[in-house]
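Visitor: Let me begin by handing over the structure; questions about it come next.
Protein chains: 2
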Amino acid sequence: MTNGKELPSTLEWRVHAADGAVEILLVQESGTSFWRLFRWMHGLVVAFLIKLWTFFIKAWNIGVTDPRKFIHCLKVGTALSLVSLFYYMTTLYEGVGGNAMWAVMTVVVVFEYSIGATLYKCVNRATGTLLAGSLGFGVHWIAIQCGQNIQPIILEISVFLLAAAATFSRFIPTVKARFDYGALVFILTFCLVSISGYRVDQLFRMAHHRLLTVALGASICIITSMLVCPIWAGQELHSLINRNLEILSESLDECITDFFANKDVRNVSNGYSNNINQAYKCVLNSKGSEESMANFARWEPAHGDFKFRHPWKQYLKVGAAIRSCAYCIETLNGCINSDIRAPETLKNHLKDMCVRLSSYSSNVTKELAIIMKTMTKSSSIHISIGQMNIAVHELQDALKNVPNQVVVQILQASNDGMKGETTNTRPLLEILPLATVASLLVEMAARIEVIVEEVEQLADQAEFRLACSNSKSKESQPIA
Amino acid sequence: MTNGKELPSTLEWRVHAADGAVEILLVQESGTSFWRLFRWMHGLVVAFLIKLWTFFIKAWNIGVTDPRKFIHCLKVGTALSLVSLFYYMTTLYEGVGGNAMWAVMTVVVVFEYSIGATLYKCVNRATGTLLAGSLGFGVHWIAIQCGQNIQPIILEISVFLLAAAATFSRFIPTVKARFDYGALVFILTFCLVSISGYRVDQLFRMAHHRLLTVALGASICIITSMLVCPIWAGQELHSLINRNLEILSESLDECITDFFANKDVRNVSNGYSNNINQAYKCVLNSKGSEESMANFARWEPAHGDFKFRHPWKQYLKVGAAIRSCAYCIETLNGCINSDIRAPETLKNHLKDMCVRLSSYSSNVTKELAIIMKTMTKSSSIHISIGQMNIAVHELQDALKNVPNQVVVQILQASNDGMKGETTNTRPLLEILPLATVASLLVEMAARIEVIVEEVEQLADQAEFRLACSNSKSKESQPIA
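As you go down the protein sequences, you meet chains A and B in turn.
This note's numbering applies: residue 207 is where the first sequence begins, and numbers increase by one.
This note's numbering applies: residue 207 is where the second sequence begins, and numbers increase by one.
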């Protein structure tokens, strides 16, 4: 009994925040069960509040990083407030026969972040609704001609067949990419028209009002998204490709600097390397967003520097070429963390060549980024490519000329070996990481040339401006 | 005038099919303008029909490759036919107060390919509707208390604020992954309830009927998708990871065989190599589908071998480890296409080691695939890992022992060089591709061990069965 009283008589309420900090909320002696309950509740509430607070901080940071997200939210709020006016103004409400709900629904469903996505949904919704509506009327008319008894059967069969067919069409890649939402709306509208047609008598009037309200909602969306701080999917895609090129160039620089730096330095700068790592990993995984942006960009009208039939498909090819380079960097990054150290003489012999090649390669990508950013054809890119190719040959020459030096080492080693001394020289194994880095750099240079080709095709198709100051020198420069 | 009659008097109508074939439809002498128009129309129609036909063939093949897609379409058709019965049966129709439309809408919007996706949408729709509905009622009640004049203002402000907040929440990654659809439904319902509440008098009765119909539609969806040929997102994810492991192992085998085969053979077998290429490219780009499947799988109840709290998140880690290996294969594939040929003696010296290492590595991945397929912990995997590690050391030893052979060559070469003869030996450059392949194979082995770790964690978390026959030998095998 007395032992029971000697249990630790204080209770701590610790709250674990998301950042790992532990906050001690209450340190009190254990009292009555009421107090315990109170403390428990109190701890729970405080824990919840802290969680909520960290969530808000996180959310706020997302908006601060990209304020356009805040603006988008305000735009959605504005569009909905506008469309809800239809309910409050009696004349407007009666004008659309009480179908104002459809306008609200359209705004909620159709309003997307980029204009391209909004237009894609609007056009799909309009096309799907019209197509399914007219087909629904047709089927309904046929069903009526067949008499009261067969009518439901015909309607059921038509719903089954058309819904199944439209659902299947969503599995076809081309339909999925361009008309996925349209197919969904088609099924929805067809079902509503053909089935509810069985009940609603004034079908035509209802359809008319519904189309009117949908058009109204859609136009409010389009106007709001175009007039207030517009976000173009095409512009976003263009910037993404540009940013990926910049990341590629930075990662390459970082990687090679890292490899030739001392191990100690490498460990200290680990934080920075990790940042770069994260950056190029975004490039590795950007395929999905590139594809959806290119898909939405097609629906957009001419804007800024982008004409109506801007070659958005070509951006995907540029993106794929960039990713293929990023795969090389991924592998490079793995290889340079190897513990095998190359012999210093060899390393010094090749270091300059490797660093030069990587810096020229990274120069070419930087220039490509500038071409994309300014949308101006560059003539100096050919000089850079030339330099890069010369660096490739120099590296290959350096590799050719190595043996004379290695021979000396190897001979020394084998002489030592013959003398019965244990040697630790393992020439081929030791040069392995260096050889891999050299090989991957050469491979990278080849892949960067593919990016150049794709960007040049893009520049031709999209009719990028010619750089005025360099237009003369361009002719004299052979295309690398 | 006579020249005009000497114009080519035949007209051909060529139709270009999608497979590149050109079909000449009409070769007739040019006649009256009526005939020309007729021919033009005829050509147009035939061209359209051929295009339609190729489209159908393509679509049919998609279904034949994966018949579950056909079945899914039939399921959607069935669910819609079932729900449309509500319109035809007067008692049912009146039971839900004429709100049968909402059941149809729910089925169309909620029915997805996998059960997880359907459940995700159902739960999100239900939660979003309930939350927004009650909030809408609350706001509506407050607005009524404030009087006729202020009512619209309060409603407008609440719509603006809540719609903006809910839209913003969709930008937060955790909300986006789990409650994106819920947020959309929340905005929609809140707007409809709080705004249309201003008009509809019997708000409570409407809400009751609407909830009933939505629940009805949702349950029809869930029952149909679970009873008829169910497609579980979890099972799909499990199979995807398993397939990716198999592809990895096949690609690795293919790559190394390719490298050590003769160039001529390589060109002949190009078609096959390309197939492999396509396959591992799927692995490179599977991140998106893995994430969405893991997300949907969380909503699924226990099914088959998967318990309720199956560690779906761990699958993403396994997937990432597999992809990291696939990046290596991508680079490897680029390097082996190099035109630099390694000296035959060196190639023969290292060939066996490389092939052995790659086959052991591929063995480990195959065993991992079997572990995943059978969901049975394997003890022989540790033997395979041991063999792989031995092969790594053997390859490294072989690289250490190379010099003696290379020295002979190099000495011969430099002796020849001293004699004034032009030699073509470029030892270090020539061994570059071979050194890269060896280096990447070692890197691959390290990355495969990461996959093993992740799969073993998965096996522990998901409590995979122990292999009965090998349970004894497991203890005696050290963990590699």
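Positions of the beta carbon are idealized from the N, C-alpha and C atoms, including for glycine.
Every value quoted in this text rests on a predicted model; they were computed, and no experiment measured them.
Which term fits I321(B), buried or exposed, when burial requires 16 or more other beta carbons within 10 angstroms of its beta carbon?
Guide: For the purposes of this step, residue 321(B) is taken as residue 115 along the second sequence, with counting starting at 1. I321(B) comes out buried.
Visitor: Which term fits M578(B), buried or exposed, when burial requires 16 or more other beta carbons within 10 angstroms of its beta carbon?
Guide: Here residue 578(B) refers to the residue found at position 372 when the second sequence is read from its first residue. Buried, by the Cβ-count rule.
Visitor: Can the beta-carbon of F396(B) be found closer than 8 Å to that of L341(B)?
Guide: The residue given as residue 396(B) occupies position 190 in the second sequence. The residue given as residue 341(B) occupies position 135 in the second sequence. A contact, by the Cβ cut-off of 8 Å.
Visitor: E536(B) CB to nearest chain A CB: under 8 Å?
Guide: What you label residue 536(B) is simply residue 330 of the second sequence in a count that begins at 1. By this cut-off, E536(B) is an interface position.
Visitor: Would you kindly work out how many angstroms separate the C-alpha atoms of F687(A) and G525(A), rounded to a whole number?
Guide: Only positions 207 to 686 of chain A appear in the structure, and residue 687(A) is not among them; the question remains open.
Visitor: What residue from L337(A), V489(A), E452(A), I428(A) has the CA that sits closest to V315(A)'s CA?
Guide: Looking up residue 315(A) in the first sequence gives position 109. Residue I428(A) is the option with its Cα nearest to V315(A).
Visitor: I want to verify the contact list: residues of chain B whose CB lies under 9 Å from the CB of L422(A), in sequence order.
Guide: Within the first sequence, residue 422(A) is the residue found at index 216, counting from 1. The contacting residues do not exist; L422(A) stays about 15 Å from chain B at best.
Visitor: With distances taken between CB atoms, is the gap from Q441(B) to G510(B) smaller than 8 Å?
Guide: As a first step, residue 441(B) is located in the second sequence; it is residue number 235 there, counting from the start. As a first step, residue 510(B) is located in the second sequence; it is residue number 304 there, counting from the start. Yes; because the gap between Cβ atoms is below 8 Å, this pair is in contact.
Visitor: Along the chain, which unbroken stretches of the alpha helix (DSSP H) at least 4 residues long are found entirely within the segment 249 to 330 of chain B?
Guide: Taking only runs of at least 4 residues, the alpha helix (DSSP H) segments lying wholly in the segment 249 to 330 of chain B are 274 to 294, 296 to 301, 306 to 316.
Visitor: Can you give me the Cβ contacts of W518(A) inside the same chain, cut-off strictly under 6 Å, excluding the 5 residues immediately before and after it?
Guide: Here residue 518(A) corresponds to residue number 312 of the first sequence, with the count starting at 1. A500, A503, R504, listed in sequence order.
Visitor: Name the residues in the segment 357 to 374 of chain A whose C-beta lies less than 8 Å from a C-beta of chain B; which are they?
Guide: Answer in chain order: P358, L361, E362, V365, F366, L367, A369, A370, A371, T373, F374.
Visitor: Over what stretch of residues does the alpha helix (DSSP H) that includes G440(B) continue unbroken?
Guide: Counting from 1 along the second sequence, the entry for residue 440(B) is found at position 234. G440(B) -> alpha helix (DSSP H) spans 439 to 466.
Visitor: Please determine, among V365(A), T580(A), K487(A), the residue with the shortest C-alpha to C-alpha distance to V399(A).
Guide: The residue given as residue 399(A) occupies position 193 in the first sequence. Of V365(A), T580(A), K487(A), the residue nearest in Cα terms is V365(A).
Visitor: Taking 8 Å as the CB-CB limit, is V310(B) close to chain A?
Guide: By one-based count along the second sequence, residue 310(B) stands at place 104. Yes, because at least one Cβ of chain A sits closer than 8 Å to the Cβ of V310(B).
Visitor: Let's test the definition: count the other Cβ atoms within 10 Å of the Cβ of L258(A) and tell me whether it reaches 16, buried, or not, exposed.
Guide: By 1-based counting over the first sequence, the position of residue 258(A) is 52. Answer is exposed; the Cβ neighbour count stays below 16.
Visitor: According to DSSP, is R504(A) helix, strand or coil?
Guide: Against the first sequence, residue 504(A) aligns to sequence position 298. Correct three-state label for R504(A): coil.
Visitor: Going by CA-CA distance only, name the one from N355(A), V434(A), N569(A), I350(A) that's closest to L454(A).
Guide: Residue mapping note: residue 454(A) aligns to position 248 of the first sequence, counting from 1. L454(A) has its Cα closest to that of N569(A), out of N355(A), V434(A), N569(A), I350(A).
Visitor: Whose CA, out of K281(B), A597(B), Y533(B), lies closest to the CA of R562(B)?
Guide: Numbered from 1 along the second sequence, position 356 holds the residue referred to as residue 562(B). Looking at the Cα atoms, A597(B) is the closest of the given residues.
Visitor: Between N595(B) and chain A, is any beta-carbon pair separated by less than 8 Å?
Guide: In the second sequence, counting from the first residue as 1, residue 595(B) sits at position 389. Cβ-Cβ to chain A under 8 Å: no for N595(B).
Visitor: Please classify L422(A) as buried or exposed, where buried requires at least 16 neighbouring CB atoms within 10 angstroms.
Guide: Taking the first residue of the first sequence as 1, we reach residue 422(A) at position 216. By the 10 Å Cβ count, L422(A) comes out buried.
Visitor: What separation, rounded to the nearest whole angstrom, lies between the Cα atoms of I589(A) and L556(A)?
Guide: As a working mapping, residue 589(A) is identified with position 383 in the first sequence. As a working mapping, residue 556(A) is identified with position 350 in the first sequence. Distance between the alpha carbons of I589(A) and L556(A): 23 Å.
Visitor: Do the CB positions of V658(A) and I542(A) come within less than 8 Å of each other?
Guide: Indexing the first sequence from 1 puts residue 658(A) at position 452. Indexing the first sequence from 1 puts residue 542(A) at position 336. It is not a contact, given that the beta carbons lie outside the stated cut-off.
Visitor: What are the residues of the segment 256 to 272 of chain B that lie near chain A, defined by any Cβ-Cβ distance shorter than 9 Å?
Guide: So the close ones are F261, K264, A265, I268, G269, D272.
Visitor: Could you confirm whether any beta carbon from chain A is found closer than 8 Å to the beta carbon of R472(B)?
Guide: Translated into positions along the second sequence, residue 472(B) becomes position 266. At R472(B) the pLDDT is 43, less than 50, meaning the model places this residue with poor confidence; the figure from the coordinates comes in the next sentence. Closer than 8 Å: no.
Visitor: Check whether the Cβ atoms of R384(A) and W308(A) lie closer than 8 Å to each other.
Guide: Counted from its first residue, the first sequence places residue 384(A) at position 178. Counted from its first residue, the first sequence places residue 308(A) at position 102. No. Outside cutoff.
Visitor: Given a threshold of 16 other Cβ atoms within 10 Å of its Cβ, counted over all protein chains shown, does W438(B) qualify as buried or as exposed?
Guide: Against the second sequence, residue 438(B) aligns to sequence position 232. Buried, since its Cβ has 16 or more Cβ neighbours within 10 Å.
Visitor: Kindly say whether P639(A), judged by its beta-carbon, lies nearer than 8 Å to any beta-carbon of chain B.
Guide: Here the question's residue 639(A) lines up with position 433 in the first sequence. Judged by the 8 Å Cβ criterion, P639(A) is in contact with chain B.
Visitor: From the DSSP output, which residues share a beta bridge with F512(B)?
Guide: Locating residue 512(B) in the second sequence gives position 306, counting from the first residue. Answer is H509(B), bridged to F512(B).
Visitor: Any idea if T312(B) is buried or exposed, counting beta-carbon neighbours within 10 angstroms, 16 or more meaning buried?
Guide: Locating residue 312(B) in the second sequence gives position 106, where the first residue counts as 1. T312(B) comes out buried.
Visitor: Which residues in chain A sit within 7 Å of C541(B), going by Cβ to Cβ distance?
Guide: Residue 541(B) sits at position 335 when you count from the first residue of the second sequence. S645, E649, listed in chain order.
Visitor: What is the DSSP secondary structure of R671(A), counted as helix, strand or coil?
Guide: For the purposes of this step, residue 671(A) is taken as the residue at position 465 of the first sequence. Note: R671(A) maps to strand in three-state DSSP.
Visitor: From which residue to which residue does the alpha helix (DSSP H) around N491(B) run?
Guide: Here the question's residue 491(B) lines up with position 285 in the second sequence. Element bounds for N491(B): n/a, residue is neither H nor E.
Visitor: Say whether chain C places a C-beta atom closer than 8 Å to the C-beta of S287(A).
Guide: Among the chains of the structure shown, chain C does not appear; the protein chains present are A and B.
Visitor: In whole angstroms, what is the alpha-carbon distance linking K211(A) and S239(A)?
Guide: Translated into positions along the first sequence, residue 211(A) becomes position 5. Translated into positions along the first sequence, residue 239(A) becomes position 33. Reliability of the predicted coordinates at K211(A) is poor, the pLDDT of 43 falling under 50, and no value is obtained from them.
Visitor: Can you check DSSP and say which residues form a bridge with T642(A)?
Guide: Residue numbering aside, residue 642(A) sits at position 436 when the first sequence is read from its first letter. For T642(A), which the question treats as bridged, DSSP gives no partner whatsoever.
Visitor: Against F377(A), what residues of chain B qualify as contacts under a CB-to-CB distance less than 9 Å, listed in chain order?
Guide: Here residue 377(A) is taken as the residue at index 171 of the first sequence, counted from 1. Correct list: A265, I268, G269, D272, K275, H278, C279, Y319.
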